[in-house]
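Worksheet for the structure shown next.
Residue numbers (the numbering used here): 124 to 201.
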């Protein structure tokens, strides 16, 4: 019989969320990010003209490129 996960185990972020967020911040320094990776919420905000929502860091990265934001600098490819 398997036991249910503890509260702490459920609340932990996926291991790559912090790394993904660091890469997004490095590549798009002019954008603010709000992330709840455990709930699948990734938001990017800049001024009043940009609000992008995604369910993963990879998806958010692709959507930021799709709205023609030019990255500040190229970071190691995903």
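In this text, a Cβ means the ideal position worked out from N, Cα and C, and glycines have one as well.
Limits of the beta strand (DSSP E) - the one that residue 155 falls within: Here residue 155 is taken as the residue at index 32 of the chain shown, counted from 1. It spans 155-159 - the beta strand (DSSP E) in which residue 155 sits, taken as one unbroken run.
Residue 156 versus residue 177: straight-line alpha-carbon distance, rounded: What you label residue 156 is simply residue 33 of the chain shown in a count that begins at 1. What you label residue 177 is simply residue 54 of the chain shown in a count that begins at 1. Answer to the nearest angstrom: the Cα atoms are 11 Å apart.
Proximity to residue 174 [Cα-Cα], best of 147, 187, 159 and 142: Against the chain shown, residue 174 aligns to sequence position 51. That would be 187, whose Cα lies nearest to the Cα of residue 174.
Anticipated Cβ contact below 8 Å, residue 168 with residue 154, distance rounded: Start at 1 with the first residue of the chain shown, and residue 168 comes out as number 45. Start at 1 with the first residue of the chain shown, and residue 154 comes out as number 31. Confirmed, Cβ separation roughly 7 Å.
Contact set for residue 140: own chain, Cβ-Cβ below 6 Å, skip 5 residues either direction: Residue 140 sits at position 17 when you count from the first residue of the chain shown. Correct list, in chain order: 160.
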